[in-house]
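In the numbering used here, the protein residues as written are 1436 to 2395. Even for Gly, the Cβ is constructed at its ideal location relative to N, Cα and C. Here the structure is a predicted model, which is why all the values come from computation and not from measurement. Contents: one structure, followed by commentary.
Here's what the structure looks like:
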C-alpha cells in the first residue's frame, strides 16, 4: 500500500528507461526502473545472492534486508535517487543504484553533479555481462539527470566489480583509502568507451545468433501426426540434413505415449523433454504460439524460429500479436527469428542444420545469405544452386537466414555474427527494408573492411510486417550512404549472385585496367563497350580467332596476367572452339593453369551456351569424385547429374532450391587455394560484377586511411551552445531568423554575406550605400527564392540609378514589395553556384549533402551525401562524387574554382551539426565557389530538441 508520502516521493515513472539488452552469452534481459511494487521481487532476489556477494556489496555480513532497506531500495525519485534492475522472466537478476552526492560525499540534490553508484548481481548470472550493461544504462540515466561523474567504493578482493568499472573505457581516477578502492570517473562518452561498448555489442549479438544457428538440440513444435504439413516437413528436413544433435518432435495432439515420429522421439510438450533444448522451431497456428513460448521459456530454451504466419503482415491485430510474441520471448531471455520466417540453414560439417522449408541442404561453401521474405529466400537459394555448380563449382552457402517479419533478429544481428565468422568469406543480403539505417551503416562499414558485403536494397516501401523507423531521406540518398560504408549495392538477385560468386573465389582487382581476350571479335568488342560504360579502363580486345586452341588461350591469358598494365582479365569464348566435352575440359584446364600462375589477378569468363565449359572451369580438377558425371544446368550454369538410383526427390515447383542431400554425393569443398574461375552467360553480367569488385577494392584501400576530422582554432563551440539554448527557449522546432542564423554559423567560421531588407526603393538605396556598390537586388518570397530563372534577381547594379530601375522592374513583374520581400546584397566574385545541406534524419543520423545549385540538383538529383562527422578525405570525395563535378575543375577550359575552400566549408558545417544535435537542418544556398574563396549568399537553420537517446547511448534491442 502506497502512502501519500510515498506518492510525493515519486516523480513520473520514466518508461523510456526500459530496454531489452543482449548479454555477453547471447541471452537477453530486460532493464527497467525499480518501483515501490518491486519489494517482494527485491527480497526474493537478495535471498538468492551468496553471502560473499552480499559482503562485497555492503562491506560487512548482511544476511537479509530489513524493512527499512527494502523501502530505501524501492522508493526512488528518479532524479537524485535511481535504481535499475535487470530481469529475466519478470524476476530480478541484478540491480544498480545511484544516489546524488555533494562535495562532502553526503546526499544532495539540485546543482550537485556527482553520484555514488553500487551494483549487486545474482551469483548464477555473474560473468554474463549484466553489470556492464547496467553500467551503460545507469550512466545514460545519470547524464539525462545532470550527473557528470560517478564514484564507487569497492573492496580490493571484489576484482570482478573493479574490472567492470575499469574496462568501461571512461576517464577515471583511482585511489585507495581505509582498505577500500575508490573509483571516480566521468560519464561523458569517450572514443574508448564507445569502442568498448560497440565491441561488447558485437560479441553479444554475434553469440545470440550463433546460439540459433549452431544448437546442440532442436525441438520442432507443431509436428503433424500425418505426413505433410509445415512442422512435419521441417522435422524431415532437419533429420535428412544429418543434424548430429538431439532432435525432438512436439505436438499437444500426440497420444499419451507418442513414441517416435519418423524415427524422431516425440513428446506432447516441450516440458516433457529430458535435458536441455537449445532451439525450438515453432510451426503452430498463431493463436497457439503464446502457450508454446511459455513452455519453451520455462524449459530454458535459448531461441525460437517462428514459422507461423498471422502476425504483423496480416494487419493491426497481427501487429499487436507480434509485439506480444517478442515481449514474451524476451521476458525469458530468448531471441526470435521470425515470425512468418522461412527458416535457417547452417552447412558446417559439425552442425548440418536445415531448420527451414527448403527440402534439401544447399551445397556447403563460404557465402552467408540473408533474406527477409521466404519468396526471396527461395529465389536466392535456387539461383545460387544453379549458378553454384556451373560458375564456381562447389561454392555454396555457409549459413542462410530468412527472418520473415524480423520482429527481433534482424540483418544487423546476422551481420554481427558474420563479421568474425571464420566460415563466411562473402555476405549476400536482400533487404526489403532497413529498420535501423544508422546502425546498419556502422556495422556494414566494419564488416566491409574485412569481407565483401553485397546488398540488394528494397525500393523504400517496407512490407507490412516490418517495423521500420521513419526516415525522411530519399531512397537514392540511403543507397549513397550504403556505398559510402563499403556496401556493394546491386539491383537484382541475379546481380547479387553474380557479384557474390566472383568475390567468393577471386582476388580483388588492384585497379580498373582490364584485358580482354577470346575467340570472338564481336563478343570481345561487346565486352569492351560494357567496360567503358561501367567506368573501367579496358585495353583493346585480343582476338584469338575462332580456330584458337586451348594452348592459344593459355598463352594469351598468361601474357595478359603478366602485363603490369593489366589488373584483371575477361576471357570470351563461343561454341566454335569445340563442343565436345573433352575440348571444354581441355580449355578449362588451360585457363586454370594460366590463372594459377598469377593468383593475384581476377579472371572471368564470358561464354555463350557452353555449359560444358562452365562446368569444366568450375570443377575442382581431380579432387571432385565423379567429375566426368556432370551435365550443363540452366542459365549457363551446371549441376551434378545423379545416377538414377541416387537421384534425390524432385522438389515441388517454386518451393526450394534442390541440392544433394547430406550423406549423398554432395561435391566436397575444394582444397584451400583451388582456383575456380567464374563464368557468365553474358558480357554485361560479367563486367557489372567486375566493376563492383573494382569499386569495392578501391574502397578497401581508401578505408585503411579514412582521414581525420580537422580541428579549427576559431570555432566557438561553447558560444554556439549558449546561443542555441537561448533560441530553443523561445520554442521547439523553429527556423531561426536570418540575423541569428548568421551569428550561429559565424561561430563555426561560416560567413554569410549580409543581405539587408529593402521594403522601399529608398531603403534599398540606403542598404546599397551601407554595403557598397556593386550590389544585387533579390526577391526572397518563397515562390521566387533561389529561382533566378524566373527573373527575381538583378545582379551587378553599379549605382543608385540602376538599383532604383531594377526595383521598379521587379515590382512591375511580381507585385508589391511586401509580396516580393526584396533584399540588397553585396556582389560576390563570379564562380560556380552550389548548394550545401545538412539534415538530422531520425533513422540514419546526420547527413551532409552537396551538389550544384539549380537544375543539376533539383531536376536531375545530382547530389552526393556523406554521414557526419565528415573527414577531410570524405569532404574531398564528396565534392568529386557528383556527375557535374568537372564544372568545378576547369571543364572545357573554364577557370578551376577553389575546391579546398569548399571542402573546408563542408568540414565546418559537419562539425556544427555533429557538435550540436539540436541543429536538425541547415541549407546554404547558393554557395558561390570562385577561383579564390567561397561566398555563402543564403542560409537557413532549423533547431529542435535532440532525441533523448542516439547512437552514443547504451546498447538496446528495438523497443516493443
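Asked                                                                                                                                                                                      : Found
In the DSSP assignment, the alpha helix (DSSP H) including residue 2130 goes from what residue to what residue?                                                                            : 2118-2138
What did DSSP end up calling residue 1760 once you bin it into helix, strand or coil?                                                                                                      : helix
How is residue 1858 classed by DSSP in three states: helix, strand or coil?                                                                                                                : coil
Where does the unbroken beta strand (DSSP E) through residue 2003 begin, and where does it stop?                                                                                           : 2003-2008
DSSP three-state label for residue 1847, please.                                                                                                                                           : helix
Is the number of C-beta pairs between the segment 1569-1585 and the segment 1504-1520 that are closer than 8 angstroms three or more?                                                      : yes
Under a three-way DSSP split, which group does residue 2276 fall into?                                                                                                                     : strand
Decide if the segment 1715-1726 is in contact with the segment 1734-1753; the criterion is three or more beta carbon pairs, one per stretch, under 8 angstroms apart.                      : yes
Would you say the segment 2318-2335 touches the segment 2346-2360, given that touching needs at least three Cβ pairs under 8 angstroms?                                                    : no
Helix, strand or coil for residue 1628, going by three-state DSSP, please let me know.                                                                                                     : helix
How far does the beta strand (DSSP E) with residue 1962 in it extend, from its first residue to its last?                                                                                  : Premise fails: residue 1962 lies in the alpha helix (DSSP H), 1956-1968, not in any beta strand (DSSP E).
DSSP puts residue 1788 in a beta bridge; with which residues?                                                                                                                              : 1781
Between the Cα of residue 1834 and those of 1841, 1844, 1987 and 1852, spot the shortest distance and give me the residue it belongs to.                                                   : 1852
Using the Cα positions of residue 1768 and residue 1737, report the straight-line distance between them to the nearest angstrom.                                                           : 7 angstroms
Residue 2124 and residue 1930: beta carbons closer than 9 angstroms?                                                                                                                       : yes
If we count the other Cβ atoms within 10 Å of its Cβ and call it buried at 16 or more, is residue 1692 buried or exposed?                                                                  : exposed
Exposed or buried, residue 2074, counting other C-beta atoms within 10 Å across all chains shown (16 or more means buried)?                                                                : With a pLDDT of only 32 at residue 2074, under 50, the local geometry of the prediction cannot be trusted, and the value read off the model is given with reservation. Buried: at least 16 other Cβ atoms inside 10 Å.
If I measure Cβ to Cβ from residue 1671 and keep anything under 7 angstroms in the same chain, skipping five residues before and after, which residues do I get?                           : 1697
Can you tell me whether residue 1571 is buried or exposed? The criterion is at least 16 other CB atoms within 10 Å of its CB, across all chains shown.                                     : buried
Taking one C-beta from the segment 2184-2201 and one from the segment 2354-2374 each time, how about it: are there three or more such pairs within less than 8 angstroms?                  : yes
Report the residue from 1680, 2173 and 1866 whose alpha carbon sits nearest the alpha carbon of residue 1785.                                                                              : 1680
Out of curiosity, what's the CA-to-CA distance linking residue 1814 and residue 1932?                                                                                                      : 11 angstroms
DSSP three-state call for residue 1748: helix, strand or coil?                                                                                                                             : helix
If contact is defined by three or more beta carbon pairs under 8 angstroms, each pair taking one atom from either stretch, is the segment 1591-1606 in contact with the segment 1627-1643? : yes
What residues are listed by DSSP as bridge partners for residue 2257?                                                                                                                      : 2214
In or out: residue 1503 buried (at least 16 other Cβ within 10 Å) or exposed?                                                                                                              : exposed
Using only the alpha-carbon positions, how far apart do residue 2323 and residue 2267 sit?                                                                                                 : 7 angstroms
Spell out the partners DSSP gives residue 1594 in its beta bridges.                                                                                                                        : None, per the DSSP bridge assignment.
Residue 2323 by DSSP, collapsed to three states: which one?                                                                                                                                : helix
Measuring only the C-alpha atoms, how far is residue 2396 from residue 1645?                                                                                                               : This structure cannot settle anything about residue 2396, because the visible part of the chain is limited to 1436 through 2395.
May I have the straight-line CA-CA distance separating residue 1812 from residue 1764, to the nearest angstrom?                                                                            : 25 angstroms
Please classify residue 2396 as buried or exposed, where buried requires at least 16 other C-beta atoms within 10 Å of its C-beta.                                                         : Look at the range of the chain in this structure, 1436 to 2395, and you will see that residue 2396 is not part of it.
Thinking C-alpha only, which one of 2319, 1494, 1486 and 2281 is nearest residue 1908?                                                                                                     : 2281
Could you work out which residue in 1874, 2291 and 2272 is closest to residue 1850 when comparing CA atoms only?                                                                           : 1874
According to DSSP, simplified to helix, strand and coil, what is residue 1511?                                                                                                             : coil
Compute the distance between the beta-carbons of residue 2257 and residue 2248, then report whether it is under 9 angstroms.                                                               : no
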